[in-house]
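One structure is given below, encoded as structure tokens.
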Amino acid sequence: MAHLDIHAKAEIGKSLAGFTLGEKLESFLHFIDKTVDGNVKEWTVDLALDNTGVLLFEIPNNNGYIIYFSNPKLEFSFNKQGTLCIIIAGTGYQGEIFEGGIKIGSRIGDIDHALVLDDTEDVHYLADEKGHFIEGIYFVAGGLELEEDPDAIIEEVRVYNYNLI
-15 MAHLDIHAKA
-5 EIGKSLAGFT
5 LGEKLESFLH
15 FIDKTVDGNV
25 KEWTVDLALD
35 NTGVLLFEIP
45 NNNGYIIYFS
55 NPKLEFSFNK
65 QGTLCIIIAG
75 TGYQGEIFEG
85 GIKIGSRIGD
95 IDHALVLDDT
105 EDVHYLADEK
115 GHFIEGIYFV
125 AGGLELEEDP
135 DAIIEEVRVY
145 NYNLI
């Protein structure tokens, strides 16, 4: 059964906050306070912002599900088969998101690994020796190149496996 652990260390492409990519939606249903059917009410930014508990949003036309936790700020995306493929953590998550004690609220410049900015989404990916994205994790911090703003604060981390989508 899925369980929340706000201190659990992130594992690239595998897990975050005590949850493991590939888990089934059914193991999360005990958390749900409210459900919104996307075929009846469209998704808006306000759904996540106004959420004060644990909200399940059913994406229209049976295209998947999103669970929003308000505290800590967590978001889980499931494919249409109900398989967890993306975990996002923000405020309130206290686990290490990268080696060296990097957590939400740390400086992006404190990550001891090469980073590359995807300026289409304003997110920082880990980079390999050729400067290519390393899949499985990215960080939201300011939206500028690392050299321009190494003091940008990490606001959010995303662990994902797009092969599950």
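In our numbering, the protein residues as written are -15 to 149.
Heads up, the beta-carbon is just placed ideally off N, CA and C, and yes, glycines get one too.
Given the structure is predicted, the values throughout are model-derived calculations rather than measurements.
Query, Result
"Contiguous beta strand (DSSP E) assignments of at least 3 residues, all confined to the region 30 to 56", "38 to 42, 49 to 53"
"Own chain, CB closer than 6 Å to R142, minus 5 neighbours either side, in chain order", "I72, Y122"
"Limits of the unbroken beta strand (DSSP E) element including F60", "58 to 62"
"Residues bridged to F164 (per DSSP)", "What is shown of the chain runs -15 to 149, which leaves residue 164 out entirely."
"Chain-order list of residues whose beta-carbon lies under 7 Å from that of D21 (same chain, five-residue window excluded)", "E42"
"Pair within 7 Å by beta-carbon distance, A136 and G79", "no"
"C-alpha gap between G120 and L68, whole angstroms", "13 Å"
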